[in-house]
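Asker:
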Amino acid sequence: MKADPKGVLTGIHFMDGDHACCEGALAAGSRFASGYPITPSTEVVERFAARVPTVGGAFIQMEDELAASITLQGAVWAGAKAFTVTSGPGFSLMMEHIGYAAMTETPCVFVDVQRGGPSTGLPTLPAQADMMQARWGSHGDYEIIALCPNSPQECFDLTITAFNLAEEFRVPVMFMMDECVGHMTEKVVIPAADQIEVVPRRHTRKSVEDYLPYETNGDLVPEMAHAGDGYNFHVTGLTHDQRGYPDMTLPTQDKLVRRLQNKILNAVDRITMTEEEQIEGADVVVVSYGITSRVAQRAIEAARKNGLRVGKLRLITAWPFPEKKIRELAAKVKAFVVPELNLGQMVREVERAAAGQAKTFAVSHAGGGVHNPEDILKVIVEASRCRTV
Amino acid sequence: MSDSLINDLVNPVEPFLRSDRIPHIWCPGCGIGTTVNSFARALIDSEIDLRSLALVSGIGCTGRVAGYVKLDSFHTTHGRAIPFATGLKLANPKLNVIVYSGDGDLSAIGGNHLIHAARRNIDLKVICVNNLIYAMTGGQTAPTTPDHSTTSTNPYGVFEPSFNLPQLVEAAGAVYVARWTTFHVRQITRAMSEAFQKKGFSFIEIISPCPTLYQRRNKMGDALDAMKYYKEKSKVRNGAPTSEVGMTMTGEIIVGKFVDRERPDYQTMMRAQYSESLGERYVEEPEMVCDCS
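First to last, the sequence lines map onto chains A and B.
One point on numbering: in this note's numbering, the residue at position 65 of the first sequence is 65, and numbering is uninterrupted.
Take the position in the second sequence, starting the count at 1, then add 1000; the result is the number in this note's numbering.
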């Protein structure tokens, strides 16, 4: 279906990534956010707080991130599309409720504008060091989806995608911005509402008698009901059966947890988005995401000027990881170069997927700034000289 | 009496329960089931539209209530029933949202949410079953455990002061505060019915026995002894200053309705503020339900 024009600020704007993310949420149909202030993410909800009463909705600033990360889930079960926004320390506090959303299959979006860590770290400076936390931060086995915008325009576009994926798969989607992308101001084009595709809630059409809250068929995603609809359904974070009732037996645990994984993994080709450039015939492929992909671009172009055959693979979807893509490339290239603003997170995934077919070079950075393109270039040159495995 | 007559006999509270989930997990002598019975009777008495009701629990023995009532019911995470309920209520103000949880869940791990929801005066009905201990995990000290009693984590006796919950929530801003014990089943029902009619943050504390952990460890007898204690030592003092209703291990239990006052609730204040500041630009949505077509 098309976006509700009420929330769409159609036009050409000069806007930062945080504000573009807010506009993306409104365009996607989100009318509820709960948050707790934290640099460098707060501008997203500041704008939402100003905008949402004029389009019909609410923002509430909660007492902490524990509250913020579950208030939005209450709103979802009442029928709203909802999200919260945070940065590293707050993201840590939200982990329990990412698990709750995964277990109860609550469609929602968690925006993390990444800053330097660990702990309070670098509140105003960039990092990309929450990437593994986004995937593995809550306890137990589950899958999430994580997207990595690299511009204010993508902060708008991909926030809509994040809400759409959340609804389609009934999964919490991590929107992994970074301080640079959040605070960078660029041109943002917001199309007309009828140009924006929005995925509606998978609300059941079954009768009260026929409805089982966690019954699934082909795509393994159950249909939802909302509080007040008359279905008298039960939702629990305990291991539950198709009725939504607690059933703490081995077969139910196995069936449920595998389904939570498989509903995402079965659709991995459809979910994963990458941007590719000159991959064919490349000796080295630079794998990057977020702000680092823009820094790496300069290094890639410099390397090409020096006659090196360098391809670019930008991860737009970080999770589920585009494993197949890396594996296929690994058979053709000498090496991968993975610059990121952490001491080695997504590079582990690249190395794992390459499975020894190609070498993997990390270009690590502890965060607080971005790479010097020279540092990436040096590693590209080194990687180009390595012998094929 | 004929067989058919016997077969026709239905417990009046049964329609409010998920009979397919019985037997429940609560111990013999536990008071939580008693409170659920009173709750169901309050639903009957108040003729509330069941479709509009949503019940939210946290974690713990009382946290399991959500799983046994035939309502839209949410068993959330430990301590976070109130913020979840806040989201439900804000996104759909037509819902009557009840939070049904225990003393440890609401006042320890969820203590921050308790005071802030009371401060904001979110229109929630909070039913706090206070069994004076963490029961689900095996009898550890709670913020409500009376001085000098023994628990598995204070084996030499509790030496930290306990919370007086009515005083806490009154100070934070609750508009309705009452306390009863599971001996007072009719009073509980009446208090719940009153709270259902009240707009704003309402809090009902129900002192409830835990024979398995609290009483056994403290040599306080069984469930019947608890009822005798509640009967003998409860003093009804409606309107009592909440500063005077603190609990001790074996002393008097002051019960009654302590607070019943008027104060605009969060959403009333929100709408007034938006209307004043934004005028015609304010778009008031009765519900924030997304399009499901």
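C-beta: ideal position from N, C-alpha, C; glycine also.
Looking at the secondary structure, which residues open and close the alpha helix (DSSP H) in which THR292/A lies?
Answerer: 291-305
Asker: Beta-carbon separation of PHE32/A and LEU72/A under 8 Å?
Answerer: In contact: PHE32/A and LEU72/A (Cβ atoms closer than 8 Å).
Asker: Taking 8 Å as the CB-CB limit, is ASN342/A close to chain B?
Answerer: So no, ASN342/A is outside the interface.
Asker: Using the Cα positions of ILE160/A and GLN114/A, report the straight-line distance between them to the nearest angstrom.
Answerer: Taken atom to atom, the span from the alpha-carbon of ILE160/A to that of GLN114/A is near 19 Å.
Asker: Establish whether the CB of PRO200/A and some CB of chain B are separated by less than 8 Å.
Answerer: yes
Asker: At a CB distance below 7 Å, what residues from the region 154-183 of chain A approach chain B? Give them in sequence order.
Answerer: none
Asker: To the nearest angstrom, report how far apart ILE100/A and GLU168/A are at their CA atoms.
Answerer: Reading the sequence as shown, one finds Tyr at residue 100/A and not Ile. Rounded to the nearest whole angstrom, the C-alpha separation of TYR100/A and GLU168/A is 18 Å.
Asker: Under a Cβ-count criterion, where at least 16 other Cβ atoms within 10 Å of its own Cβ denotes burial, should TYR1156/B be classed as buried or exposed?
Answerer: exposed
Asker: Look up HIS19/A in the DSSP assignment and say whether it is helix, strand or coil.
Answerer: helix
Asker: Which bits of chain A does ASN1164/B rub up against, with CB to CB less than 8 Å?
Answerer: Residues of chain A passing the Cβ test: none, with the nearest at roughly 21 Å.
Asker: Could you name the residues of the same chain whose beta carbon sits closer than 6 Å to that of SER1057/B, not counting the 5 residues immediately before and after it, in chain order?
Answerer: Listed in chain order, the non-local C-beta contacts of SER1057/B below 6 Å within the same chain comprise GLY1063, VAL1065, ALA1066, HIS1075, ALA1081, TYR1100 and SER1101, local neighbours out to five positions each way being set aside.
Asker: Distance, Cα to Cα, ARG1263/B vs VAL1169/B?
Answerer: 14 Å
Asker: Taking the alpha carbon of GLU143/A as the point to measure from, which residue in ALA129/A, PRO107/A, ASP112/A and GLY117/A has its own alpha carbon closest?
Answerer: PRO107/A
Asker: What is the DSSP secondary structure of MET1001/B, counted as helix, strand or coil?
Answerer: Because MET1001/B carries a pLDDT of 48, less than 50, the predicted location of this residue cannot be relied on, and the following value inherits that uncertainty. Three-state result, MET1001/B: coil.
Asker: Taking only the alpha-carbon atoms, compute the straight-line gap between PRO126/A and GLU186/A and give it to the nearest angstrom.
Answerer: 18 Å
Asker: For SER954/B, name the three-state secondary structure that DSSP assigns.
Answerer: Residue coverage of chain B in this structure runs from 1001 to 1293, which leaves residue 954/B outside it and unanswerable.
Asker: Using a Cβ-Cβ cut-off of 6 Å (strictly less than) and excluding sequence neighbours within five positions of ASP1020/B, which residues of its own chain qualify?
Answerer: none
Asker: DSSP three-state call for TYR245/A: helix, strand or coil?
Answerer: coil
Asker: Let me know the secondary structure DSSP gives ASN262/A once reduced to three states.
Answerer: helix
Asker: Quick check: the Cα distance between HIS1148/B and LEU1055/B, rounded to an integer number of angstroms?
Answerer: 35 Å
Asker: Taking DSSP as the reference, what is the three-state secondary structure of ARG1271/B?
Answerer: Reduced to three states, the DSSP call for ARG1271/B is helix.
Asker: Where GLY1221/B and VAL1255/B are concerned, what is the direct C-alpha to C-alpha distance, given to the nearest angstrom?
Answerer: Approximately 22 Å, taken between the alpha carbons.
Asker: Can you tell me where the alpha helix (DSSP H) holding ILE326/A begins and where it ends?
Answerer: 323-330
Asker: Would you list, in sequence order, the uninterrupted beta strand (DSSP E) runs of no fewer than 3 residues that lie entirely inside the region 1089-1130 of chain B?
Answerer: 1096-1102 and 1124-1130
Asker: Considering only the beta carbon of each residue, do VAL257/A and VAL286/A sit closer than 8 Å?
Answerer: For the 8 Å CB-CB criterion, VAL257/A and VAL286/A do not form a contact.
Asker: Tell me, to the nearest whole angstrom, how far the beta carbon of THR104/A is from that of GLY228/A; I am working on the premise that it is less than 8 Å.
Answerer: Wrong, their Cβ atoms sit about 17 Å apart, outside the cutoff.
Asker: So what's ARG387/A in DSSP terms, helix, strand or just coil?
Answerer: coil
Asker: Under the assumption that VAL1236/B contacts GLY1200/B (Cβ atoms under 8 Å), give the Cβ distance between them as a whole number of angstroms.
Answerer: Going by Cβ atoms, the distance from VAL1236/B to GLY1200/B rounds to 24 Å, so no, they are not a contact pair.
Asker: Looking at the unbroken alpha helix (DSSP H) that takes in GLN345/A, where does it start and where does it end?
Answerer: Segment: none, GLN345/A is in no alpha helix (DSSP H) and carries neither H nor E.
Asker: For SER151/A, I'd like the list of residues in its chain whose CB is within less than 8 Å of its CB, leaving aside the five on either flank, ordered along the chain.
Answerer: Scanning its chain for C-beta atoms nearer than 8 Å, with the 5 sequence neighbours on each side dropped, one finds around SER151/A the residues GLY17, VAL181, MET184, GLU186 and ARG294, in chain order.
Asker: Can you find the residues in the same chain that come closer than 7 Å, C-beta to C-beta, to PHE1016/B, ignoring five residues on each side of it along the sequence?
Answerer: ALA1040, LEU1043, VAL1069 and LYS1070
Asker: Can you name, in chain order, every residue of its own chain whose Cβ lies under 6 Å from the Cβ of ALA50/A, other than the five neighbours on each side?
Answerer: Taken in chain order, the list of residues that qualify is empty.
Asker: Mapping DSSP to helix, strand and coil, what is HIS97/A?
Answerer: helix
Asker: Go ahead and label THR1181/B buried or exposed: buried means 16 or more other beta carbons lie within 10 angstroms of its beta carbon, across all protein chains shown.
Answerer: buried
Asker: Using 8 Å as the Cβ pair cut-off and three pairs as the minimum, do the region 1083-1102 of chain B and the region 259-270 of chain A touch?
Answerer: no
Asker: May I ask you to report which of helix, strand or coil DSSP gives ILE1048/B?
Answerer: Coil.
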